[in-house]
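Participant:
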Amino acid sequence: MCAVRMPEGTAGISRRHACIRWQQGMPMLVDLGSSYGTYLADGKQLPPNYPEPVAAGTRFYLGNRSNMFQIIVF
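In my numbering, the protein residues as written are 2 to 75.
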């Protein structure tokens, strides 16, 4: 398990915003009903609690593009 903690009050990030979990052998990005939204890099907003398949290299952001992340596999 891994957790990413942002500083308290980070703009555009809810307290429990999103998670990445394994489902049917694939990693899935899930918005946890956040106030500000979870988006793929192309701007597609994920509906709350609806798993979106992701792969190495997938970029996504939380709330706004200044909170961009990328999935990297080592």
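For glycine and all other residues, C-beta sits at the position ideal for the given N, C-alpha and C.
Going by other Cβ atoms of all chains shown within 10 Å of its Cβ, with 16 needed for buried, is A19 buried or exposed?
Facilitator: buried
Participant: Tell me whether the region 6-13 and the region 51-61 touch, counting them as touching only if at least three CB pairs, one residue from each stretch, are closer than 8 Å.
Facilitator: With a cut-off of 8 Å, the region 51-61 and the region 6-13 do not count as touching, because too few Cβ pairs lie within range.
Participant: Could you please give the first and the last residue of the uninterrupted beta strand (DSSP E) stretch that includes Y37?
Facilitator: Per DSSP, Y37 belongs to no beta strand (DSSP E) and is neither H nor E.
Participant: Quick check: the Cα distance between R66 and R22, rounded to an integer number of angstroms?
Facilitator: One C-alpha to the other measures close to 22 Å.
Participant: Run the CB neighbour count on I73, radius 10 Å, all protein chains shown included, and call it buried at 16 or more, exposed below.
Facilitator: Result: exposed.
Participant: Buried or exposed: D43, going by 16 or more other Cβ atoms within 10 Å of its Cβ?
Facilitator: exposed
Participant: Hey, P52 and Q71: beta-carbon distance below 7 Å or not?
Facilitator: no
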